[in-house]
Structures are given as C-alpha cells and as structure tokens.
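So the structure is just underneath, and the comments pick up after that.
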Amino acid sequence: MTAPASGRGPLALVESPVQLLNVLEWSHIHPPTAVAAPRPGAAPAAPGGGPVTGPLTVVVLSPRDPMSRGQLRRMAELARDDGVTVRWFGARSNRLGLLRTAMTLAPLLLRVRHLVIGDPFSRLVQVLLPLCRAREITVVDDGTATMEFTEILSRGGRLVRWHRAGRRSPVDAAFAIFAVAARRRLTPGRRRTVELFSAMPATPPAGMALRANRFAWTRSRFGPPRITAGTDIIGTSLVETGVVDLDRYLAAVATLAESHGATRYFAHRREDTAKLHRLAVETGLEIVRPDLPLELVARRGPIGHTVLSFPSTVVHTLPLALAGTGVKVVVRDIDDGWLTHTASPRAQGFLSGITGTARDLHGLTSATATA
C-alpha cells in the first residue's frame with residue numbers, strides 16, 4: 564500500500580472503532596482551516612510561521628478481531644462521508660506487517676505537524692512514535708484506558724494497561740524500550756504540545772491541555788432515537804480480559820435481566836461467541852452485536868428507556884451521547900467475589916473509580932440486584 568498523501572493536515576493513528584469515532588468528534592470541533600491565497604506581489608510567508616491546518620488523514624492499523632474490523636470498516640465509511648481520507652493497513656496480518664507499515668508510513672510520520680493517536684498503550688503506536696517529529700500531539704479517548712494513561716504520565720510509570728499490571732512477559736520486556744520512548748514523546752515539553760481530548764474523568768499532568776468531548780458530532784449526525792418501553796443491558800469484555808469469572812458474570816447478567824425486566828443484551832465487540840451463546844440460552848436475552856460503537860447505535864435507536872451497564876467506558880459516554888433523550892443509564896458495580904485469581908490487584912479500585920465518577924458527574928443510579 565502506498566503512503567497517504569502528505570498534505571499539511573493532521574494524521575490520526577487508530578486501531579479500534581471507538582478511537583475512530585473519537586477522532587471524528589475531535590475533527591468536528593477542529594474543522595480544517597482554509598489556506599488563503601497570497602495577495603499579488605505579497606512576500607512569501609516566513610518559515611516557521613503558524614501551523615496550517617488541512618484535511619484530516621486517518622491511518623487504520625487493522626486489529627485481528629473480526630468484529631472490531633467490521634465496525635472499523637463501517638466507521639471508515641462514515642469518516643469518508645465527512646471528507647476524511649482513510650487508509651487501511653494490515654499491520655497485524657503477518658510477522659512482516661508491522662515492518663511494512665512502518666516503512667510505508669515513515670516519510671509521512673517524519674513530516675506531519677499534528678499527530679492524533681487513539682491508544683498510547685498500543686505497541687504498534689509505540690513502535691511508530693519514534694518516527695514522528697510532530698510539534699503537536701493529540702490523544703483521543705480509547706475508553707477507560709485514558710484515565711490510566713494520564714495517571715501514568717503524572718507519576719512516571721510504564722505505559723501498561725491496568726488489567727495487565729503485575730504481569731511481565733518476555734514480549735513485554737522486548738517492547739519496554741519503545742514504551743519508555745513513547746512516554747517521553749507523549750509528555751509535554753518545550754518543543755512539543757500535547758492535548759487530551761476526552762469524555763472521561765481524566766486529570767492530565769502539568770502542561771497537557773484538556774478539551775472535553777461532548778459527542779457533538781454524534782448528536783448532530785444521529786437521532787434523536789426512538790425509545791422503547793424495554794430495558795437493555797450493555798455487555799463487557801471483563802471476562803475476556805481475565806478480570807471477571809465467567810460463571811459469576813453470567814449469573815450477574817441473569818439476575819439483572821430478571822430483576823429489571825431486560826430483554827436485550829448489547830454485546831461488546833470483543834465478547835466471545837461461545838459465551839454469548841451460553842448467555843442467550845441461560846437468560847433468554849436477545850443478543851445484539853452492534854455494527855457501530857454503542858454511542859452511535861444508541862443514538863440511532865431504538866434503545867430502551869433504561870440501559871444497564873457494568874463498569875465500562877459507556878457509563879461516561881452514553882449520558883453525553885443520549886443527553887436530552889430521557890434514557891436512564893444505570894450502573895452495576897463489580898463485586899469483589901467476581902474477580903478471578905489472576906486479576907490485577909488494582910482491578911477493584913480501578914473499576915470502582917469508573918462507576919463512582921460516573922455517579923458524581925452524570926448523576927447515574929446504581930442497580931441493586933446481586934448475584
């Protein structure tokens with residue numbers, strides 16, 4: 564694949580549908596600035612003048628998960644409809660995928676002035692960052708990981724996701740040098756500004772600008788939704804990441820469905836097919852596999868008048884995407900007894916922080932059913 568045209572606009576590196584959605588939200592409030600033609604006889608602009616914003620280019624570093632790829636392709640269609648240039652790279656297709664991607668993107672990364680990234684924890688992004696000399700960097704939300712990212716930058720730790728804390732495989736050790744370099748590159752400095760674009764309750768370190776994501780693009784593009792009389796449950800991939808025990812999770816969902824009269828279960832894109840089949844059989848819930856991020860699916864509708872969720876990104880994003888619709892978002896905490904023996908020691912505190920801040924910021928209520 565050939566490299567995207569250089570242009571003078573920002574370049575975004577994304578690996579998930581949610582990241583691409585948040586890049587579009589960021590672009591919505593950072594529209595391209597037209598470059599005025601010089602007046603006849605005017606002197607040329609001096610080098611080093613103010614940056615010129617041009618059209619956005621999005622580079623998709625395709626994930627392996629087929630559900631994520633499907634949602635990404637749908638999001639790419641929406642992005643192209645908005646005039647965004649989208650280029651697709653199979654960086655994980657085989658052992659040489661990353662090398663080919665890096666070689667193809669290197670000329671562009673060396674020239675780009677404004678880099679937008681969706682996942683600072685990504686090893687792909689961490690490998691590519693040393694190639695970039697951008698003076699402006701924006702980090703958009705990759706869900707709850709944003710909260711961990713700002714905390715790590717503030718205390719100077721390793722860029723490792725919270726649910727992997729305490730584990731250190733040989734592969735982790737091999738990539739450690741890139742993680743250290745990425746943390747330095749993503750730290751604001753004299754020659755570099757770093758902006759955080761977030762809907763999460765993240766506290767950026769000193770020197771990092773914060774701009775709130777209010778899902779203005781989503782609300783302008785979709786809805787308002789048709790609201791049904793039913794109750795919907797939002798799924799989570801905490802079982803797949805090894806944090807929550809499968810049987811405990813299934814029992815909790817069954818109890819929630821019975822006590823709240825839920826009829827549909829919106830699956831997370833990374834949830835296992837066998838798990839979802841068992842869930843349908845044991846609970847009678849209709850399993851819905853969204854073709855777009857949940858914020859868009861909910862805004863497009865139909866959506867239940869009440870939405871039940873475990874600790875996840877959506878307890879912060881759905882209240883914003885569904886603002887003014889009357890839909891009630893209810894959160895169910897993760898009990899200590901649901902955690903696996905391999906779960907990170909930080910898991911319970913991190914998950915409690917997600918729901919606690921959602922209650923404080925968005926006035927969410929709690930589901931009281933136990934399992």
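As numbered in this note's numbering, the sequence shown has no gaps in its residue numbers, which increase by one up to the final residue, 934. Each residue gets a CB set at the ideal place from its N, CA and C atoms; glycine is no exception.
The C-alpha of Arg-753 lies about 19 Å from the C-alpha of Leu-673.
Rounded to the nearest whole angstrom, the C-alpha separation of Leu-687 and Val-894 is 33 Å.
Linking Leu-883 to Lys-891 through their CA atoms gives a straight-line distance of about 12 Å.
A direct Cα-Cα distance of roughly 48 Å separates Gly-900 from Thr-667. Look at Arg-755 here: in three-state DSSP terms it is strand. Close CB contacts of Leu-661 within its chain, under the 8 Å cut and outside five residues either way in sequence, are with Ala-654, Arg-655, Leu-687 and Val-690 (chain order). Burial is judged here by how many other beta carbons sit within 10 angstroms of a residue's own beta carbon; Ile-715 has at least 16 and is buried. In the assembly as shown, Glu-834 is a buried residue. Its beta-carbon has 16 or more other beta-carbons within 10 Å. Counting of Cβ neighbours within 10 angstroms places Asp-644 among the exposed residues, the total staying below 16. Residue range 648-652 is occupied by the beta strand (DSSP E) that includes Thr-648. Boundaries of the beta strand (DSSP E) harbouring Asp-795: 790-797, taken from the DSSP string. Around Cys-695, the same chain offers Leu-672 and Leu-678 as residues with beta carbons nearer than 6 Å, after the five sequence neighbours per side are excluded.
Within the region 827-864, the complete beta strand (DSSP E) runs of at least 3 residues fall at 849-851. Around the CB of Asn-657, fewer than 16 other CB atoms lie within 10 Å, so the residue is classed as exposed. Of the other Cβ atoms in all chains shown, 16 or more fall within 10 Å of the Cβ of Ser-590; this residue is therefore buried.
The alpha helix (DSSP H) runs lying completely inside the region 900-934 and spanning 4 residues or more are 910-925, given in chain order. With respect to the 8 Å criterion, Leu-574 and Ala-642 are not classified as neighbours on the basis of their beta carbons. A direct Cα-Cα distance of roughly 9 Å separates Leu-881 from Phe-778. When C-alpha distances from Val-816 are compared across Thr-804, Leu-842, Gly-793 and Gly-805, the shortest belongs to Leu-842. As a beta-bridge residue in DSSP terms, Val-870 pairs with Asp-795 and Val-892. Put simply, the backbone Cα of Arg-922 is about 7 Å away from that of Thr-928. Scanning its chain for C-beta atoms nearer than 7 Å, with the 5 sequence neighbours on each side dropped, one finds around Pro-787 the residues Thr-888, in chain order.
The Cβ-Cβ distance between Tyr-828 and Val-860 does not fall below 8 Å. Cβ neighbours of Gly-919 within its own chain (closer than 8 Å, five residues either side excluded): none. The distance from the Cβ of Pro-580 to that of Leu-855 is about 7 Å, consistent with a contact at the 8 Å cut-off.
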